[in-house]
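**Student:** Following this message is one structure expressed as structure tokens.
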Ligand SMILES: [Zn+2]
């Protein structure tokens with residue numbers, strides 16, 4: 154944990170001074186409602202969801218579409234009904250929609266045009282200033298066997314990715330009883346195993362409609378604490394966070410970020426840092442291992458289309474995968490059992506991963522939006538650092554937090570709070586040449602946004 158500087162709001166508001174601070178002080182008291190969300194998450198309900206999803210013979214995207222069948226149509230019907238039940242239990246606050254679209258043929262994985270459905274459960278935000286702000290959590294309900302086109306062979310997909318869908322369902326059940334400033338979208342997508350079809354469609358639609366997605370948390374393969382070698386680690390979850398997008402024609406913004414040494418401070422990485430800190434506060438038994446990479450080698454997930462659309466998106470995955478359990482026909486070969494069956498899922502572990510997701514969503518959806526217009530003044534040579542930003546519109550704004558760290562450090566090391574009326578401050582004795590700065594916004598209860606890396610302001 155970083156050392157939080159003392160809250161010097163009044164003093165700073167008057168004097169507009171910074172401090173080369175970092176003295177340890179009280180972190181904000183945990184939000185008791187968020188602590189309750191964390192404790193309400195049930196490993197037993199998650200277990201039931203995983204077993205039900207794995208009971209369909211296959212959830213392959215090209216499998217039986219009939220609602221009464223034992224293919225993807227049956228699974229879709231069940232997932233939708235579960236969200237519907239959560240909605241009913243929360244007095245109808247959760248809005249459940251089907252996002253159905255025609256996927257054109259795209260051989261080899263989609264040999265003919267196909268109807269694909271995502272289930273979208275939305276908990277509308279209650280903040281007057283926050284109507285467009287949206288946070289998304291996702292898992293994929295489709296599955297596959299060894300052959301990616303095998304739409305009839307058994308593919309229970311318990312870990313990949315009934316575990317993620319079960320976590321999303323459980324969070325919808327629990328969180329729909331609480332209020333958040335920003336909208337929460339609980340998403341169960343299909344087509345992941347074919348070509349990320351469901352998430353691609355939804356992310357593109359969101360961009361086209363101008364949805365302001367501040368965070369997307371993909372949960373894919375979060376079911377097992379046991380690695381292929383048999384090592385058990387119940388205390389770690391990996392969180393993959395991309396740096397600068399590798400694109401042929403980088404934007405001026407991306408080039409400026411790289412010139413400023415900000416390659417580790419893309420929005421997905423600031424999001425990952427925030428999630429890690431929130432997890433440490435609310436779910437100390439599970440360490441978030443942030444990995445500076447979009448995804449594992451040879452693999453991809455539903456966060457990628459969101460990154461493609463310019464949204465901050467990250468991926469949770471168990472600490473070490475057992476590849477005998479993924480994308481495998483159910484069989485035994487030379488004494489080795491293959492297949493993604495529920496008996497290999499650690500439901501207490503999945504519940505802890507869900508708790509980290511729930512705490513992160515809750516804090517970020519109650520926090521103000523990340524501040525906009527964050528700049529570091531770079532118009533003259535000096536050893537102090539002056540930052541400025543646009544005022545945040547939230548009525549419950551508690552202030553802004555200046556954070557910084559060594560350029561070689563992965564996580565924030567120092568913090569200094571300033572009052573809500575301040576939009577420019579100088580941190581004396583800490584040079585922007587030597588450290589990385591960020592600015593967060595927090596509310597009166599202490600919920601803080603992810604940090605924003607400042608762009609360089611060349612004029613006074
Ligand atoms: Zn998957």
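Numbering (my numbering), first residue to last: 154 to 613.
Built from N, CA and C at the ideal position, the CB exists for glycine as well.
1. Does residue 517 get closer than 8 Å to chain D when you measure Cβ to Cβ?
2. How would you write the range of the beta strand (DSSP E) that residue 335 sits in, first residue to last?
3. Any chance the CB of residue 306 is under 7 Å from a heavy atom of ligand 1?
4. Do you know whose CA, among 464, 195, 482, 330, lies nearest residue 244's CA?
5. From the DSSP output, read off the bridge partner residues of residue 440.
6. Between 558, 261, 351, 306, which has its C-alpha nearest residue 254's C-alpha?
7. Got a sec? Which residues, its chain only, sit under 6 Å from residue 117 by beta carbon, not counting five neighbours each side?
8. Under a three-way DSSP split, which group does residue 229 fall into?
9. Does residue 597 come out as helix, strand or coil in the three-state DSSP assignment?
10. Given 8 Å as the limit, is there contact between the segment 595-607 and the segment 396-409, that is, 3 or more CB pairs closer than that?
11. So the candidates are 506, 597, 520; which of them puts its Cα closest to the Cα of residue 194?
12. Unbroken beta strand (DSSP E) runs of length 3 or more, entirely within the segment 353-385: which are they?
13. Would you decide whether residue 450 is buried or exposed? Buried here means 16 or more other CB atoms lie within 10 Å of its CB.
14. With hydrogens ignored, establish whether the beta-carbon of residue 492 is closer than 7 Å to any heavy atom of ligand 1.
15. Can you list, in chain order, the residues of its chain with a C-beta nearer than 7 Å to that of residue 596? Leave out the 5 residues immediately preceding and following it.
16. Determine contact between the segment 414-434 and the segment 333-352, defined as no fewer than three beta-carbon pairs at a distance below 8 Å.
17. With C-beta atoms as the reference, is residue 262 less than 8 Å away from residue 218?
18. Roughly how far, in whole angstroms, is the beta-carbon of residue 444 from the beta-carbon of residue 513, given that I think they are within contact range, below 8 Å?
19. Just mark residue 594 as buried or exposed, buried being the case when its beta carbon has 16 or more other beta carbons within 10 Å.
**Tutor:** In this structure, then:
1. In the displayed structure, chain D is absent; only one protein chain is listed.
2. Reading the chain shown from its first residue, position 182 is the one you call residue 335. Per DSSP, residue 335 belongs to no beta strand (DSSP E) and is neither H nor E.
3. As a first step, residue 306 is located in the chain shown; it is residue number 153 there, counting from the start. Checking every heavy atom of ligand 1 against the Cβ of residue 306, none is found closer than 7 Å.
4. Walking along the chain shown from the start, residue 244 turns up at place 91. 330 is the residue among 464, 195, 482, 330 whose C-alpha sits nearest the C-alpha of residue 244.
5. Counting from 1 along the chain shown, the entry for residue 440 is found at position 287. In DSSP, residue 440 forms a bridge with 389.
6. In the chain shown, counting from the first residue as 1, residue 254 sits at position 101. Among 558, 261, 351, 306, the Cα nearest to that of residue 254 is on 351.
7. Because residue 117 is not part of the residues shown, which for the chain are 154 to 613, the question remains open.
8. Position 76 of the chain shown holds residue 229. The answer is helix: DSSP assigns residue 229 an H, G or I state.
9. The count along the chain shown starts at 1 and reaches residue 597 at position 444. In this structure, residue 597 counts as coil in the three-state DSSP scheme.
10. Touching, no, given that fewer than three Cβ pairs across the two stretches are closer than 8 Å.
11. The residue you call residue 194 lines up with position 41 of the chain shown. The shortest C-alpha separation from residue 194 is found at 506.
12. Taking 3 residues as the minimum length, the beta strand (DSSP E) runs contained wholly in the segment 353-385 are 365-372, in order along the chain.
13. Looking up residue 450 in the chain shown gives position 297. Classification of residue 450: exposed, given that the 10 Å Cβ count is below 16.
14. Translated into the one-based positions of the chain shown, residue 492 becomes position 339. No - ligand 1 has no heavy atom lying nearer than 7 Å to the Cβ of residue 492.
15. The residue given as residue 596 occupies position 443 in the chain shown. The residues are 519, 520, 521, 547, 549, 550, 551.
16. No, the segment 414-434 is not in contact with the segment 333-352.
17. On the chain shown, position 109 is the one that residue 262 refers to. On the chain shown, position 65 is the one that residue 218 refers to. Taking 8 Å as the Cβ cut-off, residue 262 and residue 218 do not qualify as a contacting pair.
18. Numbered from 1 along the chain shown, position 291 holds the residue referred to as residue 444. Numbered from 1 along the chain shown, position 360 holds the residue referred to as residue 513. That pair is no contact at about 16 Å.
19. Walking along the chain shown from the start, residue 594 turns up at place 441. Residue 594 comes out buried.
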